[in-house]
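A.B. asks: This is the structure, below, for whatever I ask next.
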């Protein structure tokens with residue numbers, strides 16, 4: 001059975017600060033950033049309706065990017081995450097810090113971005 005994305009999970013987590021249990025999300029890319037002299041990865045995630053880049057990999061998961069394990073379009077299950085507040089202009093947003101994840105389906109097996117909003 002194919003993994004199903006957790007619709008609106010990104011909005012619930014980053015905008016409303018709600019706890020979503022083991023959401024399934026699609027990985028759509030990353031940007032390397034330096035935080036306190038440590039290499040970190042900001043990731044762009046999609047829940048099928050909403051996508052945003054208010055998520056970071058915990059440093060111990062960096063190998064998923066550097067070893068090309070987590071690839072474009074992969075479907076992942078976030079097993080454990082924390083929230084950290086950050087300012088975006090005048091508003092406070094929640095940034096998801098991914099502590100543990102499971103790749104449900106590698107990107108090479110997914111034909112592209114999943115977008116239920118356009119269907």
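Residue numbers (full-length UniProt numbering): 1 to 119.
For every residue, glycine included, the Cβ atom is placed at its ideal position computed from N, Cα and C.
Report the CB separation of residue 57 from residue 80 in whole angstroms; it is logged as a contact under 8 Å.
C.D. replies: That pair is no contact at about 12 Å.
A.B. asks: For residue 6, is the classification buried or exposed, using 16 other Cβ atoms within 10 angstroms of its Cβ as the cut-off for buried?
C.D. replies: Residue 6 comes out buried.
A.B. asks: What residues in its chain sit with their C-beta under 6 Å from that of residue 107, if we drop five residues either side in the sequence?
C.D. replies: The answer, listed in chain order, is 71, 72, 73, 74.
A.B. asks: In whole angstroms, give me the CA-to-CA distance for residue 22 and residue 78.
C.D. replies: So the two alpha carbons sit approximately 5 Å from each other.
A.B. asks: Could you spell out where the alpha helix (DSSP H) holding residue 65 opens and where it closes?
C.D. replies: Run containing residue 65: 63-66, per the alpha helix (DSSP H) assignment.
A.B. asks: When you compare the CB positions of residue 64 and residue 55, do they come within less than 8 Å of one another, or not?
C.D. replies: Not a contact, by the Cβ cut-off of 8 Å.
A.B. asks: With which residues is residue 93 paired in a DSSP beta bridge?
C.D. replies: Residue 93 is bridged to 86.
A.B. asks: Less than 8 Å separating the beta-carbons of residue 94 and residue 13?
C.D. replies: Going by C-beta atoms, residue 94 is nearer than 8 Å to residue 13.
A.B. asks: Can you tell me which of the three DSSP states residue 17 falls into?
C.D. replies: Three-state result, residue 17: coil.
A.B. asks: Could you tell me if residue 48 is buried or exposed, where buried requires 16 or more neighbouring beta carbons within 10 angstroms of its beta carbon?
C.D. replies: Looking at its Cβ environment, which holds 16 or more other Cβ atoms inside 10 Å, residue 48 is buried.
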